[in-house]
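If you're matching positions, the sequence shown starts at 0 in numbering that gives the first Met the number 0 and goes up one per residue.
Glycine included, each C-beta is placed from N, C-alpha and C at the ideal position.
This report refers to the structure that appears directly beneath it.
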Amino acid sequence: MAEGARVRNRHQQVMETVRSARSRFEAWERSCEKRMDELQEMSRSVSRGGHEESEQLKQHLREISEQKIHKEKEITARKQQHETLKKMIEQANEKKIYLAKRLELLKERREGCAHVAEESLKDLEERVRRVQQKVNAQKIARKFYNDILGIRADFASGIKITFTKVNAKNPDHEYSCTIRLDKHTNKYAMLDCVPYVKRSVDLLDDLNITNEFFEFLRLMRREFERLAEESDARSVRLKDLHTFQSVHGGHGARFLRAAATLVPAANLWIPARDPGLGFSPGEAMQLKRAYDKIYDKYERDKARRIENAEKLFEEHKLRTAAYSKATESLVETLREENEMLRHLVKESQVEETMVRLKELEKENALYRNQLLMAQARDCHSDRTREDRYKFLQRLFQLLSDMQITEVEDDNSAAFVFLHQSTGLKFSLEPVVDPDTARICGGDREVKFTSLALGSLRYIAPEWMRESITFSISQAPVFFRRIQTVTRGRS
Numbered sequence: 000m001a002e003g004a005r006v007r008n009r010h011q012q013v014m015e016t017v018r019s020a021r022s023r024f025e026a027w028e029r030s031c032e033k034r035m036d037e038l039q040e041m042s043r044s045v046s047r048g049g050h051e052e053s054e055q056l057k058q059h060l061r062e063i064s065e066q067k068i069h070k071e072k073e074i075t076a077r078k079q080q081h082e083t084l085k086k087m088i089e090q091a092n093e094k095k096i097y098l099a100k101r102l103e104l105l106k107e108r109r110e111g112c113a114h115v116a117e118e119s120l121k122d123l124e125e126r127v128r129r130v131q132q133k134v135n136a137q138k139i140a141r142k143f144y145n146d147i148l149g150i151r152a153d154f155a156s157g158i159k160i161t162f163t164k165v166n167a168k169n170p171d172h173e174y175s176c177t178i179r180l181d182k183h184t185n186k187y188a189m190l191d192c193v194p195y196v197k198r199s200v201d202l203l204d205d206l207n208i209t210n211e212f213f214e215f216l217r218l219m220r221r222e223f224e225r226l227a228e229e230s231d232a233r234s235v236r237l238k239d240l241h242t243f244q245s246v247h248g249g250h251g252a253r254f255l256r257a258a259a260t261l262v263p264a265a266n267l268w269i270p271a272r273d274p275g276l277g278f279s280p281g282e283a284m285q286l287k288r289a290y291d292k293i294y295d296k297y298e299r300d301k302a303r304r305i306e307n308a309e310k311l312f313e314e315h316k317l318r319t320a321a322y323s324k325a326t327e328s329l330v331e332t333l334r335e336e337n338e339m340l341r342h343l344v345k346e347s348q349v350e351e352t353m354v355r356l357k358e359l360e361k362e363n364a365l366y367r368n369q370l371l372m373a374q375a376r377d378c379h380s381d382r383t384r385e386d387r388y389k390f391l392q393r394l395f396q397l398l399s400d401m402q403i404t405e406v407e408d409d410n411s412a413a414f415v416f417l418h419q420s421t422g423l424k425f426s427l428e429p430v431v432d433p434d435t436a437r438i439c440g441g442d443r444e445v446k447f448t449s450l451a452l453g454s455l456r457y458i459a460p461e462w463m464r465e466s467i468t469f470s471i472s473q474a475p476v477f478f479r480r481i482q483t484v485t486r487g488r489s
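In structure tokens:
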């Protein structure tokens with residue numbers, strides 16, 4: 000409102016200036032004409048008086064004519080300036096529209112970049128979370144293997160698998176096997192097995208055939224458990240025999256010698272060195288240092304990867320912030336330029352623009368009133384027509400138990416019928432064909448198209464499965480056949 004008031008004030012000032020200039024010009028023109036008349040009268044009166052005085056009057060008349068031409072040139076220049084201002088206003092409006100579109104485009108690009116940065120940030124956070132979960136899972140798995148399953152892998156010349164918690168009476172007792180993969184033959188070879196398992200060779204052959212490493216470990220643990228059980232059983236038998244010898248004396252010794260001849264030597268428990276001491280303390284310390292070195296290397300590698308991920312995240316964050324700052328700076332520059340152009344447009348309003356605006360407002364008000372009157376008439380007629388159409392729809396639904404709806408497109412209109420109890424759905428579309436209408440006696444044709452058979456898909460006749468065309472005078476017969484099928488009569 001304030002802007003409109005300023006424009007009207009500016010317009011009034013321009014109008015007053017033009018009126019005053021026009022009045023002054025008219026007064027000056029009247030004075031000039033009057034002066035010319037006086038001079039002409041004077042010239043006629045003094046023409047007899049002398050040639051010099053006549054020449055002076057002619058010179059003065061020429062000066063007045065030149066002044067008049069100069070004034071006309073000034074008026075023409077002002078008109079040209081007015082046209083130039085109009086063109087400048089049009090160019091400013093076009094540039095304003097262009098800048099508005101460019102501003103919207105930059106906003107969309109900024110939103111897109113922000114969305115991409117957000118997605119990248121989420122991706123990096125997800126990757127860091129997965130790395131952390133993997134590290135935690137590895138720690139839990141290592142602890143689970145060491146504490147619960149009692150299995151440990153050491154790497155030296157080969158892979159040494161150490162099992163604990165095999166013997167229930169001595170859970171800390173270690174059973175181990177060392178295998179190595181030959182790179183040339185791509186087969187595993189057994190380097191050591193403490194205590195020795197007879198089936199270790201067969202199990203290793205199965206491993207080379209099936210390549211099921213976990214199955215091999217499971218079977219080796221089972222063999223170690225069997226050896227532990229046999230060792231416990233032999234210990235119990237030997238203890239019983241020694242007890243028998245202590246009770247029966249010399250007879251017990253003779254009985255032991257006889258039992259030794261009957262019982263195979265493999266089933267006797269012969270004391271041997273502890274399998275867990277298969278290597279010296281120095282070798283044990285070397286293995287422990289190697290294990291600690293591998294674990295430290297794993298921790299350093301994990302820390303390095305996490306640090307790289309954090310650096311990548313920070314770099315991406317800085318790039319996103321710099322891009323956002325540059326985008327905001329560009330948007331601010333364009334906004335300032337837009338404000339400057341808008342101010343220029345406001346200052347460049349002239350009389351003809353305001354007159355045209357008033358004329359357009361009058362025409363717009365006139366057209367708006369005409370449109371409101373026409374809409375009121377159309378709304379009243381459409382409402383009456385719609386009420387009649389709804390009444391006919393309801394009446395047809397009650398008479399035929401079918402719901403009817405109208406479907407319109409660019410070229411034609413069709414009516415869709417739906418039988419609610421059976422799910423039968425079809426459409427009837429008027430067909431305009433002058434030749435066919437002349438043959439049928441002037442009646443229009445209707446095209447039947449089946450859309451859905453519903454529960455009638457097994458008993459519907461063939462003509463209901465295809466598209467047929469019939470005259471509108473045959474519509475009663477058509478609907479009787481439809482009712483016959485829907486009511487279950489043949």
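Item                                                                                                                                                                                      : Value
When the Cβ atoms of the stretch 126-141 are set against those of the stretch 297-313, are three or more pairs found closer than 8 Å?                                                     : yes
Mapping DSSP to helix, strand and coil, what is leucine 216?                                                                                                                              : helix
How far does the alpha helix (DSSP H) with serine 493 in it reach, from first residue to last?                                                                                            : The displayed coordinates of the chain run from 0 to 489. Any statement about residue 493 would go beyond what the structure contains.
Applying the criterion that 16 or more other CB atoms from any shown protein chain within 10 Å of the CB defines a buried residue, is histidine 69 buried or exposed?                     : exposed
Give the secondary structure of serine 156 by DSSP, where H, G and I count as helix, E and B as strand, and everything else as coil.                                                      : coil
Go through its chain and collect everything with a Cβ distance to asparagine 185's Cβ below 7 Å, but skip five positions before and after it.                                             : none
Mapping DSSP to helix, strand and coil, what is lysine 186?                                                                                                                               : strand
Can you find the residues in the same chain that come closer than 8 Å, C-beta to C-beta, to cysteine 176, ignoring five residues on each side of it along the sequence?                   : Lys159, Ile160, Met189, Asp191, Cys192, Val193, Val196, Ser199 and Met219
Apply the 10 Å Cβ neighbour rule to glutamate 173 and answer buried if 16 or more other Cβ atoms are within range, or exposed otherwise.                                                  : buried
Where do the ends of the alpha helix (DSSP H) carrying glutamine 482 lie?                                                                                                                 : 474-485
Report yes if the CB atom of asparagine 169 is closer than 9 Å to the CB atom of tyrosine 187, and no otherwise.                                                                          : no
In the DSSP output, what is glutamine 132 paired with across the bridge?                                                                                                                  : In the DSSP output, where bridge partners are listed per residue, glutamine 132 has none listed.
Less than 9 Å between the C-beta atoms of leucine 343 and arginine 101, yes or no?                                                                                                        : no
Count the other CB atoms within 10 Å of the CB of leucine 423; is the residue buried (16 or more) or exposed (fewer)?                                                                     : buried
State the start and end residues of the unbroken beta strand (DSSP E) segment that holds proline 429.                                                                                     : 423-430
Can you find at least 3 beta carbon pairs, one from the stretch 112-119 and one from the stretch 334-341, that sit closer than 8 Å?                                                       : no
What does a CB cutoff of less than 7 Å around arginine 464 pick up in its chain, not counting 5 residues either side in sequence?                                                         : Ser449
CB-CB under 7 Å to valine 134, same chain, minus the five flanking residues each way: which ones, in chain order?                                                                         : Lys301
Check for me: the beta strand (DSSP E) holding serine 466 runs from which residue to which?                                                                                               : Here serine 466 belongs to no beta strand (DSSP E), and DSSP marks it neither H nor E.
The beta strand (DSSP E) that contains aspartate 181, what's its start and end?                                                                                                           : 174-181
Could you name the residues of the same chain whose beta carbon sits closer than 7 Å to that of arginine 18, not counting the 5 residues immediately before and after it, in chain order? : none
Is the beta carbon of phenylalanine 215 sitting closer than 9 Å to the one on leucine 202?                                                                                                : yes
Pull up the distance between the alpha-carbon of glutamine 131 and that of isoleucine 293, whole angstroms please.                                                                        : 20 Å
May I ask you to report which of helix, strand or coil DSSP gives valine 196?                                                                                                             : coil
Within 10 Å of its beta-carbon, does histidine 59 have 16 or more other beta-carbons around it, so buried, or fewer, so exposed?                                                          : exposed
Give me whichever residues DSSP pairs with lysine 78 in a beta bridge.                                                                                                                    : In DSSP, lysine 78 forms no bridge with anything.
Can you tell me the Cβ-Cβ gap for phenylalanine 447 and serine 420, rounded? I've got them flagged as a contact below 8 Å.                                                                : So it is not a contact: roughly 20 Å between Cβ atoms.
Going by C-alpha distance, which of Glu461, Ser470, His418 and Ala451 is nearest arginine 486?                                                                                            : His418
What did DSSP end up calling alanine 451 once you bin it into helix, strand or coil?                                                                                                      : strand
Out of Ser472, Ser470 and Trp462, state which residue places its alpha-carbon closest to the alpha-carbon of valine 484.                                                                  : Trp462
What does DSSP give as the partner residues of lysine 446 in its beta bridges?                                                                                                            : Glu428 and Thr468
May I ask whether a heavy atom of the ligand HEM can be found less than 8 Å away from the beta carbon of isoleucine 471?                                                                  : Among the ligands in the structure shown, none appear at all, so the ligand HEM cannot be discussed.
Looking only at C-alpha atoms, which of Met353, Glu228, Ile481 and Ser472 sits nearest to arginine 5?                                                                                     : Met353
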